[in-house]
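Scroll down for the structure; my scribbles are underneath it.
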Amino acid sequence: MKKIICRELAKFDCDFEAIGETSDEVTDKIFTHAETIHQKEMATMPEEGKIRLVEKMNEILDKQEPLTNL
Ligand SMILES: [Zn+2]
């Protein structure tokens, strides 16, 4: 199981948790969330900030155990 809390990634004061079985699933959920809930912040975020956000996300997900090893 992999999980990311919105506030871990950005300075948003937000408790949203994206939970999934794979990194892709979690990444999908957090992007959908960011694009809807943090639309304004994302629109003004510099490209560099977005790249750092994705790096941070991968870093967190890499440390977490996948639910199953197929
Ligand atoms: Zn959020």
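First residue of the sequence shown: 21, per the numbering used here; consecutive thereafter.
A virtual CB, placed ideally from N, CA and C, is assigned to each residue, including glycine.
Under the 10 Å beta carbon count, I39 is surrounded by fewer than 16 other beta carbons and is classified as exposed. Just so you know, the alpha carbons of L29 and K76 end up roughly 6 Å apart. A direct Cα-Cα distance of roughly 24 Å separates T42 from K31. For the pair L73 and V46, the CB atoms are not nearer than the 8 Å cut-off. Taken from the Cβ of F32, at least one heavy atom of ligand 1 lies inside 7 Å.
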